[in-house]
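Per our numbering, residue 1044 is the first one in the sequence shown, and the count goes up by one each step. A virtual CB, placed ideally from N, CA and C, is assigned to each residue, including glycine. These figures come from a predicted structure and were not determined experimentally. Notes to accompany the following structure.
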Amino acid sequence: MVKKRGNIFVISAPSGAGKTTLCRALLGKYPRLVYSVSVTTRRPRPGEKNGRDYYFVNRKKFNQMVRDGELIEWAQVHDHYYGTPRKFLEKCLARGRSVILDIDVQGGINIKKHFPESVLIFIMAPSWKILRQRLSLRGDTDENTVRKRLRNARREVRFKRFYDYVVINDTVDRAVNNIYRIIRRSERRSNEGLGRFTQTDS
1044 MVKKRGNIFV
1054 ISAPSGAGKT
1064 TLCRALLGKY
1074 PRLVYSVSVT
1084 TRRPRPGEKN
1094 GRDYYFVNRK
1104 KFNQMVRDGE
1114 LIEWAQVHDH
1124 YYGTPRKFLE
1134 KCLARGRSVI
1144 LDIDVQGGIN
1154 IKKHFPESVL
1164 IFIMAPSWKI
1174 LRQRLSLRGD
1184 TDENTVRKRL
1194 RNARREVRFK
1204 RFYDYVVIND
1214 TVDRAVNNIY
1224 RIIRRSERRS
1234 NEGLGRFTQT
1244 DS
């Protein structure tokens, strides 16, 4: 009997679309899911904790992790670097767990290259006006930063065509339910033998 492999679900979105809030709500509602904590060189925001939200490291440490092959993927986003730890992800997959990755579009596409059966979910705000409002309400953004992130968001949205699903984050509950339906549907297909994860050579 072939041992069941885990599933990877990548959740990406422009800054301010609410992907981190959705991931927290999803994990709170469905604790069987596992969250992959990313590594980043940016400073913690108020309320963020090392090891829970991110692993916060300096640029020197990040570069060392890249050289040592500790990151399955990494990318530069908004002047900072982010990466996905390799060992934790591979361990979860080997144990048959479904893993949530909260990463940017570059990371999502790279994950798809390593794990072709991964499921990519793109989150969008209901409108550009609402996205601007959400960015403006964040405590760590001034007007120049808001404009810059809106420009970046317009570029990121072009990548949604590479994603398997697009979910509109109009309300958290509705978006979480839609994401979970995607997860359950994908897991059923995997269990029926329609596809299992096979890591390709990097």
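For residue i, three-class secondary structure by DSSP
i	result
Asn1093	strand
Leu1076	coil
Asn1212	coil
Glu1116	strand
His1121	coil
Gly1146	In the sequence under discussion, the amino acid at residue 1146 is Ile, which differs from the Gly named in the question. Of the three classes helix, strand and coil, the one that applies to Ile1146 here is coil, per DSSP.
Ser1233	helix
Ser1179	helix
Gly1151	helix
Arg1227	helix
Asn1050	strand
Gly1126	strand
Val1219	helix
Asn1101	coil
Phe1165	strand
Thr1188	helix
Thr1064	helix
8 Å Cβ cutoff met for residue i and residue j
i	j	result
Tyr1097	Val1120	no
Ile1164	Gly1061	no
Arg1138	Gly1049	yes
Asp1207	Val1162	yes
Thr1084	Arg1102	yes
Gly1001	Glu1116	The question about residue 1001 has no answer, for the chain in this structure spans 1044 to 1245.
Leu1144	Ile1222	no
Leu1065	Ala1218	yes
Phe1205	Ile1154	no
Ile992	Val1053	Within the shown structure, residues of the chain are numbered from 1044 to 1245, placing residue 992 beyond reach of any answer.
Pro1087	Phe1105	no
Cutoff 7 Å; reference residue i; Cβ partners in own chain excluding five residues on either side
i	result
Cys1135	Gly1049, Val1077, Val1142
Tyr1073	Tyr1223
Ser1179	Val1189
Arg1175	Val1189, Leu1193
Glu1230	Asn1050, Ser1141
Neighbourhood of residue i by C-beta distance below 8 Å, restricted to the same chain and skipping five residues each side
i	result
Leu1114	Val1082, Met1108, Gly1126, Thr1127, Pro1128, Arg1129
Gly1094	Val1080
Gly1112	Arg1129
His1123	Thr1083, Thr1084, Arg1085
Leu1070	Leu1076, Tyr1078, Ile1143
* Asked: Are the region 1185–1205 and the region 1051–1062 touching by the rule of at least three beta carbon pairs closer than 8 Å?
  -> Taking a cut-off of 8 Å on C-beta distances, the region 1185–1205 touches the region 1051–1062, as three or more cross pairs fall below it.
**Prompt:** Just checking, does the region 1167–1181 make contact with the region 1195–1215 on the three C-beta pairs under 8 Å criterion?
**Reply:** As far as the Cβ criterion goes, the region 1167–1181 touches the region 1195–1215, which means the pair count is three or higher.
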